[in-house]
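Q: Below you'll find the structure I mean.
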Amino acid sequence: MLYAFLDESYTADRYYVGAIVVRTENLSDVSGALKASREYARGFGIDSPSVEFHAHEIMSGVGCWAPVRGKTRAALAIYGDALDRLAELPIKMIIRGVDVTRLNARYRYPYAPHRIALQHALEAVNEYAASVGDVVTVIADEVQGQAMHILQTAQYQVSGTGGYRSSKLVQIEMPIVFGKSSESPGVQSADLAVYLYRRLDAHVEKHERTRRAVERLWEKVQPIRHHVWRWDP
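Each step along the sequence shown adds one to the number in the numbering used here, with nothing skipped, and position 71 is 58.
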């Protein structure tokens, strides 16, 4: 059995959904990696044993991450430590995005960007599960309108996802599940991955040093990258 943990990150112009795919026997490894990174973060004054790994909060120094506010090097060190540990695990990372500006320019009544990015991410997760001959349970971070997403994704197994690569997502166990990220190291790991790609792909850094730092973080997850793509309608 596989598990795919999903989270989203977006700007006004681009929307992304990322997934971390894990085999059942490796779930504890993901939890252990973030537990070890929490211990590492204690050296920077982050002393909450249950602190969540939310990339935006780490980089902004908000909430439990306030001790690293304004300390970019410390935030990057903590972020990098978590990514290093995840990159050593037998997991896969999938990210799908959509250019919202181009979507709205091409279609008079386009689907919501979240729906599109989620659909494309599920198609990629389904393809991966099929390639390894397994089924996958999908657990996503809580979002507004999640009841509609549950109904929509279940309908895909009846009528297909549509488009030129329509899929009935037969490898995915329905319904997909939405849960609190605080209870899911897998969702927190997906958050770290998808935020980073959004920062790389959709954000213009003001400082060259910051841009290089983001690129170095992205290189850390090269071992687990399986499928990363943005649709430009």
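Virtual Cβ for every residue (Gly too), placed ideally from N, Cα, C.
Source: prediction; values computed, not measured.
If you check the beta carbons only, do D0 and T88 fall under 8 Å apart?
A: Against a cut-off of 8 Å, the Cβ pair of T88 and D0 comes out as a contact.
Q: So is L138 buried or exposed if we call it buried at 16+ other beta carbons inside 10 Å?
A: It counts as exposed.
Q: In three-state terms, what does DSSP make of S169?
A: DSSP places S169 in helix when its eight states are reduced to three.
Q: Out of D(-6), I103, G132, V123, which one is the CA nearest neighbour of V85?
A: The option with the nearest alpha carbon to V85 is I103.
Q: At what residues does the alpha helix (DSSP H) containing Y27 begin and finish?
A: Residues 14 to 28.
Q: Helix, strand or coil: how does DSSP classify S118 here?
A: Here S118 sits in helix by DSSP.
Q: Please report how far the alpha carbon of Q144 lies from the alpha carbon of K155, in whole angstroms.
A: The straight-line gap from Cα to Cα measures roughly 4 Å.
Q: Is L156 helix, strand or coil by DSSP?
A: Note: L156 maps to coil in three-state DSSP.
Q: Can you give the beta carbon distance from S176 to F(-8), rounded, assuming they're within the 8 Å contact cut?
A: Indeed they touch by this definition, with Cβ atoms about 7 Å apart.
Q: Contact between the stretch 6 to 25 and the stretch 110 to 119: three or more CB pairs below 8 Å?
A: Because the criterion of three Cβ pairs below 8 Å is met, the stretch 6 to 25 and the stretch 110 to 119 touch.
Q: Go ahead and pull the three-state DSSP assignment for P162.
A: The answer is strand: DSSP assigns P162 an E or B state.
Q: For the alpha helix (DSSP H) holding T(-2), just list the boundary residues, first then last.
A: Counting along the chain, T(-2) falls outside any alpha helix (DSSP H), and DSSP gives it neither H nor E.
Q: Tell me the DSSP secondary structure of R93 in three-state form.
A: R93 falls in the helix class under three-state DSSP.
Q: Can you tell me which of S171, Y66, N13 puts its alpha carbon nearest to the alpha carbon of A42?
A: If we check each option's Cα against that of A42, Y66 comes out closest.
Q: Let's see if you can read the secondary structure: which residues bound the alpha helix (DSSP H) around D71?
A: Where D71 is concerned, the enclosing alpha helix (DSSP H) stretches over 59 to 74.
Q: In the DSSP output, which residue or residues are listed as bridge partners for Y2?
A: In the DSSP output, where bridge partners are listed per residue, Y2 has Y(-3), V85.
Q: Could you tell me how far apart the beta carbons of G48 and G57 are, in whole angstroms, since I believe they sit closer than 8 Å?
A: Sure, about 6 Å apart at Cβ, within 8 Å.
Q: Pull up the distance between the alpha-carbon of W52 and that of I126, whole angstroms please.
A: If I take the Cα positions, the gap works out to 25 Å.
Q: If the criterion is Cβ atoms closer than 8 Å, does the pair V191 and E160 meet it?
A: Cβ distance not < 8 Å, so V191 and E160 don't count as in contact.
Q: Note down, in chain order, each residue of its chain lying with its Cβ closer than 8 Å to the Cβ of F165, except the 5 sequence neighbours on either side.
A: For F165, where only same-chain residues beyond five positions count, the Cβ hits under 8 Å are I126, A127, D128, E129, V130, Q133, H136, I137.
Q: Which term fits A92, buried or exposed, when burial requires 16 or more other beta carbons within 10 angstroms of its beta carbon?
A: Flag for A92 reads exposed.
Q: Please name the residue in Y94, V174, T124, E110 whose C-alpha comes closest to that of Y151.
A: Closest option to Y151, Cα to Cα, is E110.
Q: Taking a contact to mean a Cβ-Cβ separation below 8 Å, would you say L76 touches A20 in this structure?
A: Yes, these two residues count as a Cβ contact at 8 Å.
Q: Whole angstroms is fine: what's the gap from R25's alpha carbon to T148's?
A: Whole-angstrom Cα-Cα distance: 39 Å.
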